[in-house]
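From first to last, the protein sequence lines are chains A and B. Its first residue numbered 21, the first sequence is counted upward by one per residue in the working numbering. Its first residue numbered 21, the second sequence is counted upward by one per residue in the working numbering. For glycine and all other residues, C-beta sits at the position ideal for the given N, C-alpha and C.
There are 2 protein chains.
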Amino acid sequence: MKHRKILLAMLLTSAASILSAADNQPAPSHGIDYPSEWQKWASIAVSHRADNSTLRVILGNEIAVKAARSGKTNPWPDGAILGKVVWKDTQLKNWKAATAPGQFVHAEFMFKDSKKYSETYGWGWSRWVGLDQKPFNKGAQVCTSCHTPAKNSDWVFTVPASFPKTK
Amino acid sequence: MKHRKILLAMLLTSAASILSAADNQPAPSHGIDYPSEWQKWASIAVSHRADNSTLRVILGNEIAVKAARSGKTNPWPDGAILGKVVWKDTQLKNWKAATAPGQFVHAEFMFKDSKKYSETYGWGWSRWVGLDQKPFNKGAQVCTSCHTPAKNSDWVFTVPASFPKTK
Numbered sequence: 021m022k023h024r025k026i027l028l029a030m031l032l033t034s035a036a037s038i039l040s041a042a043d044n045q046p047a048p049s050h051g052i053d054y055p056s057e058w059q060k061w062a063s064i065a066v067s068h069r070a071d072n073s074t075l076r077v078i079l080g081n082e083i084a085v086k087a088a089r090s091g092k093t094n095p096w097p098d099g100a101i102l103g104k105v106v107w108k109d110t111q112l113k114n115w116k117a118a119t120a121p122g123q124f125v126h127a128e129f130m131f132k133d134s135k136k137y138s139e140t141y142g143w144g145w146s147r148w149v150g151l152d153q154k155p156f157n158k159g160a161q162v163c164t165s166c167h168t169p170a171k172n173s174d175w176v177f178t179v180p181a182s183f184p185k186t187k
Numbered sequence: 021m022k023h024r025k026i027l028l029a030m031l032l033t034s035a036a037s038i039l040s041a042a043d044n045q046p047a048p049s050h051g052i053d054y055p056s057e058w059q060k061w062a063s064i065a066v067s068h069r070a071d072n073s074t075l076r077v078i079l080g081n082e083i084a085v086k087a088a089r090s091g092k093t094n095p096w097p098d099g100a101i102l103g104k105v106v107w108k109d110t111q112l113k114n115w116k117a118a119t120a121p122g123q124f125v126h127a128e129f130m131f132k133d134s135k136k137y138s139e140t141y142g143w144g145w146s147r148w149v150g151l152d153q154k155p156f157n158k159g160a161q162v163c164t165s166c167h168t169p170a171k172n173s174d175w176v177f178t179v180p181a182s183f184p185k186t187k
């Protein structure tokens, strides 16, 4: 009976490990786990950068979207995650005056935790590159140096867009 | 006993009407009910129109997002709802080369039902204007005439953006 229990435990451990491999998340970026299902998050803003010809949508987890919609973003609350999804510009086929998303570039995330990330201005900084979502691991200073102009708005460039209140 | 039942029915009707008023949805546009909580929908694409200086995010309900992510959009499936949220251009304060959402203009929706809306190319067309979401009721032909260049892509201008697969 004891041996059967051990065998069962071993089988369950194997099953769990197989399930975990099937889960197949991209490896961490700067030690931060991949935020699963961010593709379903709601929008906070969009932007179009003329200096590098990219279009972006800025998404947020529930905490971030709630903060954005209610204007409580300086500082953003702990637990907020902001995602910036970036594509190269292309022209919309049926409306030439419209710029639309072309090649996918990367998805970048800021994870607010004022205590855990106190050394990087209260945010964890991460990026996954390309449609295969390769983790970026060249150091958070790459992110923070570029974000310095936004240091007075809690290191976030995005000004949340105006949305009609949820009804 | 009969009178009691009638009284009860009257009370319940009043209660329902009060609840409905409290719900406070904007009035229908072209006979179509306001899609509640669209502000929480996931993104399908973004666009920037140079001809009228507006930025847009294109959102979808679950059916639409699933179709967009799997490339099954010509035709879009019945039940799909597409939302286009439009803002006037502004310049991002801390990054001058970026255009960002300024004044909110309107939110427009296409409701796919090939049978119900067979006379308007399989879509119900609606729009709610301004942050107070005033219903637009000038007729679906205002929408369809502008969408004619997209008639070969099921009357939809948007080409869904590439997203990494959900993991």
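- Collapsing the DSSP output to three states places Gln59 (chain B) in a helix.
- With fewer than 16 other beta carbons inside 10 angstroms of its own, Gln161 (chain A) counts as exposed.
- With respect to the 9 Å criterion, Ile64 (chain B) and Ile78 (chain B) are classified as neighbours on the basis of their beta carbons.
- What Asp71 (chain A) touches in chain B, judged by beta-carbon distance under 7 Å, is Ala117, going in chain order.
- Burial is judged here by how many other beta carbons sit within 10 angstroms of a residue's own beta carbon; Thr178 (chain B) has at least 16 and is buried.
- Comparing alpha carbon positions, the residue from B:Thr186, B:Gly122 and B:Pro180 closest to Asp152 (chain A) is B:Thr186.
- Neighbours of Leu79 (chain B) in chain A, taken as residues whose beta carbon is under 9 Å from its own, are Ala62 and Ser63 in chain order.
- Excluding its 5 nearest sequence neighbours in each direction, Lys104 (chain A) has C-beta neighbours in its own chain below 6 Å: Arg76, Ile78 and Glu128, listed in chain order.
- Remark: three or more beta-carbon pairs, one from each stretch, lie closer than 8 Å, so the region 166-181 of chain B and the region 93-103 of chain B are flagged as touching.
- Given a length threshold of 4 residues, each whole run of the alpha helix (DSSP H) inside the region 100-180 of chain A is given here in chain order: 160-167.
- Ala70 (chain B) sits in coil when the DSSP states are folded into three classes, being neither helix nor strand.
- Distances from the CA of Ala117 (chain B) to each of A:His50, A:Trp58 and A:Asn72 were compared; the closest alpha carbon is that of A:Asn72.
- A check of alpha carbon separations from Lys113 (chain A) across B:Gly159, B:Ser146 and B:His167 identifies B:His167 as the nearest.
- Around Ala181 (chain B), the beta-carbon contacts reaching into chain A at under 7 Å are Trp107 and Pro121.
- Assignment of Ala47 (chain B) by DSSP, reduced to helix, strand and coil, places it in the coil class.
- Around Ala100 (chain A), no beta-carbon contact reaches into chain B at under 8 Å, the shortest distance being about 16 Å.
- Residue contact check for Glu128 (chain A) against chain B: no CB pair falls below 9 Å.
- At least one C-beta of chain A is nearer than 9 Å to the C-beta of Thr178 (chain B).
- Between His68 (chain B) and Lys154 (chain B), the alpha-carbon positions lie close to 24 Å from each other.
- Taking C-beta separations shorter than 6 Å and ignoring five residues to either side along the sequence, the partners of Tyr141 (chain A) in its chain run Trp175, following chain order.
- Contact residues of the region 137-149 of chain B toward chain A are Trp148 (C-beta to C-beta distance below 8 Å).
- Pro48 (chain A) counts as exposed, since fewer than 16 other C-beta atoms from the protein chains shown sit within 10 angstroms of its C-beta.
- In summary, Lys158 (chain B) is exposed, with fewer than 16 beta-carbon neighbours lying within 10 Å of its beta-carbon over all protein chains present.
- One finds nothing in chain A with a Cβ atom closer than 7 Å to the Cβ of Lys92 (chain B); even the nearest lies about 16 Å away.
- Looking from the CA of Met130 (chain A), the closest CA among A:Phe124, A:Ala120, A:Gly122 and A:Trp143 belongs to A:Trp143.
- Remark: C-beta atoms of His50 (chain B) and Trp115 (chain B) do not approach each other more closely than 9 Å.
- Not flagged as an interface residue toward chain A: Lys158 (chain B), since no C-beta distance is shorter than 9 Å.
- The alpha-carbon separation between Glu139 (chain A) and Trp58 (chain A) amounts to approximately 25 Å.
- Here the alpha carbon of Pro169 (chain B) sits roughly 42 Å from the alpha carbon of Pro169 (chain A).
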